[in-house]
């Protein structure tokens, strides 16, 4: 039996996936289980659902978390006109420029060094192709 309220609110949804996960930090007890529901446009295997869930968190950890921690994106107060979108583009550009630089130091250290050292800024910018 189809859920018509789901069809109306989320057109194109063919299935709902449910993933229960637990996080355990080394040397500590596991956190309580967390249940996540995923709206799917088609039926997929359980293995594929786990792969999709993990890839989502890989994106979150690779981009959004880094932007929030190193560039304080969640605390941004700009809200006039296109300012939020423009600043988001500049943050992503800065992150990509810093990642492309061959120095193996952390993003945080590269940001600090760029604030202190004009020569380093020029090295980072000149490294871009």
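Numbering (the working numbering), first residue to last: 25 to 153.
Note that CB positions come from ideal geometry on N, CA and C, so glycine has one too.
Remember, predicted model here, so these are calculated numbers, not experimental data.
Exposed or buried, which one is residue i when buried takes at least 16 other CB atoms within 10 Å?
i           : result
residue 148 : buried
residue 138 : buried
Relative to the C-alpha of residue i, which candidate in the options has its C-alpha closest?
i           : options           : result
residue 59  : 105, 41, 50       : 41
residue 39  : 142, 89, 65       : 65
residue 76  : 36, 62, 100       : 62
residue 37  : 67, 51, 45, 103   : 67
residue 97  : 106, 114, 105, 81 : 114
residue 132 : 79, 95, 52        : 95
Taking the alpha-carbon positions, what's the residue i to residue j distance?
i           : j           : result
residue 109 : residue 142 : 27 Å
residue 25  : residue 32  : At residue 25, the pLDDT of 48 sits below 50, so the modelled position is not reliable; the number obtained from the coordinates is stated separately. If I take the Cα positions, the gap works out to 15 Å.
residue 44  : residue 57  : 6 Å
residue 152 : residue 34  : 42 Å
residue 79  : residue 140 : 36 Å
residue 52  : residue 107 : 42 Å
Can you find the residues in the same chain that come closer than 6 Å, C-beta to C-beta, to residue i, ignoring five residues on each side of it along the sequence?
i           : result
residue 48  : 54
residue 73  : 41
residue 134 : 122
residue 125 : 148, 151
I'd like the list of long-range same chain contacts for residue i, defined as Cβ closer than 7 Å, with 5 residues on each side in sequence excluded.
i           : result
residue 144 : 137, 138
In chain order, what residues of the same chain have a beta carbon less than 8 Å from the beta carbon of residue i, not counting five sequence neighbours either side?
i           : result
residue 201 : Here the chain comprises residues numbered 25 to 153, so residue 201 is not present and cannot be evaluated.
Three CB pairs or more closer than 8 Å across the segment 116-134 and the segment 89-96: With a cut-off of 8 Å, the segment 89-96 and the segment 116-134 count as touching, because enough Cβ pairs lie within range.
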